[in-house]
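Numbering-wise, my numbering comes out as the position in the sequence shown, counting from 1, plus 5. C-beta: ideal position from N, C-alpha, C; glycine also. Here is the structure we will look at, set down as structure tokens.
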Amino acid sequence: MANDNDSRCSFATPTVIINATEQCPRYLLQAISDIDRSVVTPKWLVDRLVQSGLRSHNFLVDVTNYVLMELGQPLHAFDADTIKGSIVVRLAKGQESFILLNEQTVTLTGDELVIADDEGVLALAGIMGGKRSSVTDSTTNIVLESAFFSPLAIAARARRFGLHTDASQRFERGVDFELPVLALARAVNLITNI
């Protein structure tokens, strides 16, 4: 599902192609443009993150972390200006490699679920995003992801690469199939209203 009806969206949400429906039966995207990055994370939101054991990063990351703590649904924000063509949810190709947000280069074996565009892998689905499409302090246009990834599609993949993220732990245990819709709406509301 992609929604271009939001008044803050001045560019089209990328087309989504799901080639791994068993591993990812629900995948939602929402584009949000012209985000004012001079806005700092409100104190109430920072306080709640700190009370949950998290530290504040930047406004966009803080909102996704807050919704994760509030509702239990992992979200991921891509820098929309770095996405080339369609978003494809697919299994990795053997020996495909990319750089993660933590600067670790991973070489995939072919059984990992990935989010990709026309130029290659953007994220290790349900585990960690890639450096190329990461949100920075200067990002003003994002594509926000909220999905249901099958626990079997995520299980053991994070450990294979020595990664233990909040997202992978939640997806491995299973999230509510209906939660991605609610969490995406909540995050969009926070970003556009703040």
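{"Query": "Minimum C-alpha distance to Glu27 - residue among Ala82, Glu117, Pro47 and Val126", "Result": "Glu117"}
{"Query": "Span separating the alpha-carbon of Leu34 from that of Asp122", "Result": "14 Å"}
{"Query": "Collapsed DSSP secondary structure at Thr87 in the structure displayed", "Result": "helix"}
{"Query": "Asp209 - DSSP class collapsed to helix/strand/coil", "Result": "Residue 209 lies beyond the stretch modelled for the chain, which goes from 6 to 199, so this question has no answer here."}
{"Query": "Sub-7 Å separation of Ile199 and Ile37 beta-carbons", "Result": "no"}
{"Query": "Residues near Gly99 by beta carbon distance below 8 Å, same chain, minus five either side", "Result": "Leu113, Thr114 and Gly115"}
{"Query": "At least three beta-carbon pairs within less than 8 Å, the stretch 145-164 to the stretch 175-193", "Result": "yes"}
{"Query": "Start-to-end residues for the beta strand (DSSP E) that takes in Ala1", "Result": "Absent from the model: residue 1. The displayed extent of the chain is 6 to 199, so no value can be given."}
{"Query": "7 Å Cβ cutoff met for Pro19 and Ile88", "Result": "yes"}
{"Query": "Contact set for Ala188: own chain, Cβ-Cβ below 7 Å, skip 5 residues either direction", "Result": "Val72, Leu76, Gln78, Leu80 and Ser151"}
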